[in-house]
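Enquirer: Can you read through this structure? Questions will come right after.
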Amino acid sequence: MHHLNNNPSQEAYTIIVDDDHDDCALFQDCFQHLNWHHQVKTFTDAESLLALLDATPDERLLPTLIVLDYNLPRLAGEKALMLLKKDKRYKQIPIVMYSISMTGQKEKQLRELGANRCRQKPVTIDGMHKFTAELIELSQTTHCVYPQKELHSQY
């Protein structure tokens, strides 16, 4: 089993994409409150996420988890999900989609597009802590996807 981020000098990290700055700050606070020691990067639009990923030269430096708001300006979360899952470099990164208006039908559609999980956006601090704890658990259990190339020695 190989971790998404196999480079010991590069800390594993999670990316949160939400156009609401307060929600981004709340996520950061929740991760801190739950003693999550991995880096959490936040973006307010999907274009910035894609630019970062496209500029990442090594798959081992990719995030271990991406959390995408469904309702993003310009490039919607659903479209970003489709782009990520179509690209062989990113398709194995676990993605959690969330929305204030998540429905069963929307969840089914997003799961078919490749979302690992879909959740209703929490509206309470307690709900946000529970959601963040779920994200931590998912990050710890599902980011084993990129096998490293084996090095063959010649004797």
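Counting along the sequence shown from 1, when you hit position 119 you're at 118 in numbering that gives the first Met the number 0, and nothing is skipped either side.
Note that CB positions come from ideal geometry on N, CA and C, so glycine has one too.
#1: How about Thr43 and Asp21: do their beta carbons lie closer than 9 Å?
#2: Using DSSP's beta-bridge definition, name the partner residues of Met96.
#3: Buried or exposed: Pro72, going by 16 or more other Cβ atoms within 10 Å of its Cβ?
#4: Can Ala75 and Ala45 be called in contact, C-beta distance under 9 Å?
#5: Indicate whether Gly113 and Leu83 have their beta-carbon atoms separated by less than 9 Å.
#6: Return the residue from the list Arg110, Val95, Gln104 that minimises the CA-CA distance to Lys120.
#7: Between the alpha carbons of Ile124 and Ala132, how many angstroms are there, rounded?
#8: Verify whether the separation of the beta carbon atoms of Cys117 and Lys105 is less than 9 Å.
#9: Which residue comes first and which comes last in the beta strand (DSSP E) that contains Gln38?
#10: Secondary structure at Val140, three-state DSSP: helix, strand or coil?
#11: Within 10 angstroms of the Cβ of Leu33, are there 16 or more other Cβ atoms? Answer buried if so, exposed if not.
#12: Am I right that Ala54 and Leu67 are in contact with their C-beta atoms under 8 Å? What's the rounded C-beta distance?
#13: Judging by CA-CA distance, which residue of Leu25, Ser138, Leu52 is the nearest neighbour of Arg88?
#14: Evaluate Val39 with the Cβ neighbour count: other Cβ atoms within 10 Å of its Cβ, from every protein chain shown; 16 or more gives buried, anything less gives exposed.
#15: When DSSP labels each residue in this structure, what does Thr13 get in the three-state scheme?
Expert: The structure says:
#1: no
#2: Leu67, Cys117
#3: exposed
#4: yes
#5: yes
#6: Val95
#7: 12 Å
#8: yes
#9: 38-42
#10: The sequence as given places Thr at residue 140; Val does not occur at that position. Residue state, collapsed to three classes: helix.
#11: exposed
#12: The Cβ separation is near 19 Å, so there is no contact.
#13: Leu52
#14: buried
#15: strand
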